[in-house]
Each structure stands twice: as C-alpha cells, then as structure tokens.
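Report on the structure given below.
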C-alpha cells in the first residue's frame, strides 16, 4: 500500500456551485422574515453561484410553507412566477419586513391551558389489574377474619368450645 493509493484525487476543473430546489426550506415556527434572512445569508455566502435571480427566487418560493406561499400569491395578484425578479424581490422584502414588525412566532399555534387527561390503554389496563388485586386482597382479608372467628377444639374437634376451656394437664 502506497501513500498515493490512499489519497483522494479531486478533478482539477472548476465546477460551479449548484443550488437545487429543496435544499432550503422554511422551518416550522420560522417567520417569513427569518426564512428570508437565512436565504439571503446562504446566497451571500456563495457570491459566485452563477444562478439567475429568477431561479434563486423560485427556490426560495418553493421552500416556503403553504400558508406563506399562498400569502405571496395573493399579494402578487396571482402567481409568484408571473412577476419579474425585481418585483418579486421587492414584494418578498416588503412582506418579510411586515412579518418582522407585526407577527410573532407560531401565531397560529393554539395553546390550551389546564389539566389534561392523558390516560393510555396501557394505563387503563394497569389500573384494571390494580383494582382486581385490591379486590383479591380484600377477599383474602375477609376470609382470614372469618377463619379466626370459627375456633375449633384441638382435642375433640368441636366448634362449641376451644382448647383453652380444658384444664391444663
């Protein structure tokens, strides 16, 4: 084994950076502003990506969650793809700015406060077994009480008296 055989060889040609659809998506709970800023930072980190403005905006649009995508479509007066790249960027900038000023994370999250019943089938089975066990212990205790009440004479096996009534020998 030689050193050269263990080395990884890379091609010497200059391959441009490729951004494909689906590489960036809006995260759950992320506002339009946060997603837009993250997208701009990604694009700025690769300034020589050789991707058209229209295609970049298309990638951004495809990564939006359904609600934000619908809002951009409505604000654009139809479909986002019908706008020029300059118009689309201006619209997204304006909507992202409004998102930063007037919305909070998870505006659509419904919070219900209080004590909730979270019993599962396993909990119910365990509770049923525990009830059965308590009933068995109760029956056992009742049987022991009745057995101790019924005293039998050890000498003559009579239920009328106990061995204690005989004089000591």
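Residue numbers (UniProt numbering): 1 to 169. For glycine and all other residues, C-beta sits at the position ideal for the given N, C-alpha and C. Bear in mind the structure is a predicted one, so any value in this text is a computation, not a measurement.
**OP:** Return the CA-CA distance between residue 123 and residue 65, expressed in angstroms with no decimal places.
**Re:** Within the chain shown, the letter at position 123 stands for residue 123. Within the chain shown, the letter at position 65 stands for residue 65. When rounded, the distance between both Cα atoms is 38 Å.
Subject >> CA nearest to the CA of residue 32, picked from 84, 101 and 82 >> reply: Taking the chain shown and counting its residues from 1, one reaches residue 32 at position 32. Among 84, 101 and 82, the Cα nearest to that of residue 32 is on 101.
Original post:
What's the gap between the Cα of residue 68 and the Cα of residue 121?
Top reply: Looking up residue 68 in the chain shown gives position 68. Looking up residue 121 in the chain shown gives position 121. Straight-line Cα distance between these residues: approximately 39 Å.
Original post:
Exposed or buried, what is residue 27 when buried is set at 16 or more other beta-carbons lying within 10 Å of its beta-carbon?
Top reply: The sequence position of residue 27 within the chain shown is 27, counting from 1. It counts as exposed.
Original post:
Once you ignore the five residues that flank residue 35 on each side, which residues in its own chain have a CB closer than 6 Å to its CB?
Top reply: Locating residue 35 in the chain shown gives position 35, counting from the first residue. Excluding sequence neighbours, residue 35 sits near 26.
**OP:** Measure the Cβ-Cβ separation of residue 173 and residue 50 and say whether it is below 7 Å.
**Re:** Only positions 1 to 169 of the chain appear in the structure, and residue 173 is not among them; the question remains open.
Original post:
Whose CA, out of 87, 74 and 99, lies closest to the CA of residue 37?
Top reply: Stepping through the chain shown from its first residue, residue 37 is reached at position 37. The option with the nearest alpha carbon to residue 37 is 99.
Subject >> Cβ separation of residue 159 and residue 152, assumed to be a contact under 8 Å, to the nearest whole Å >> reply: One-based indexing of the chain shown puts residue 159 at position 159. One-based indexing of the chain shown puts residue 152 at position 152. 6 Å between Cβ atoms; contact.
Subject >> Proximity of residue 88 and residue 42 at Cβ, strictly below 7 Å >> reply: The count along the chain shown starts at 1 and reaches residue 88 at position 88. The count along the chain shown starts at 1 and reaches residue 42 at position 42. Not in contact: residue 88 and residue 42 (Cβ atoms no closer than 7 Å).
Original post:
If you draw a straight line from the alpha carbon of residue 131 to that of residue 142, how long is it in whole angstroms?
Top reply: Here residue 131 refers to the residue found at position 131 when the chain shown is read from its first residue. Here residue 142 refers to the residue found at position 142 when the chain shown is read from its first residue. Cα-Cα distance, rounded: 17 Å.
**OP:** Alpha carbon to alpha carbon, how far is residue 44 from residue 75? Give it in angstroms, no decimals.
**Re:** Taking the chain shown and counting its residues from 1, the one referred to as residue 75 is at position 75. Taking the chain shown and counting its residues from 1, the one referred to as residue 44 is at position 44. Cα to Cα, the separation comes out at about 26 Å.
Original post:
Thinking C-beta only, is residue 80 closer than 7 Å to residue 61?
Top reply: Stepping through the chain shown from its first residue, residue 61 is reached at position 61. Stepping through the chain shown from its first residue, residue 80 is reached at position 80. Result yes, Cβ atoms of residue 61 and residue 80 sit closer than 7 Å.
**OP:** Please indicate yes or no: does the CB of residue 164 lie closer than 6 Å to some heavy atom of the ligand ATP?
**Re:** Judged by which ligands are present, the structure shown has none, so any question about the ligand ATP falls away.
Original post:
In terms of residue numbering, what span does the alpha helix (DSSP H) encompassing residue 49 cover?
Top reply: To locate residue 49, count along the chain shown from 1; it is residue 49. Unbroken run through residue 49: none, as it is neither H nor E.
Original post:
Should residue 63 and residue 24 be called a contact, given that it needs their Cβ atoms to be closer than 7 Å?
Top reply: As a first step, residue 63 must be located in the chain shown, where it is residue number 63. As a first step, residue 24 must be located in the chain shown, where it is residue number 24. Cβ atoms of residue 63 and residue 24: closer than 7 Å.
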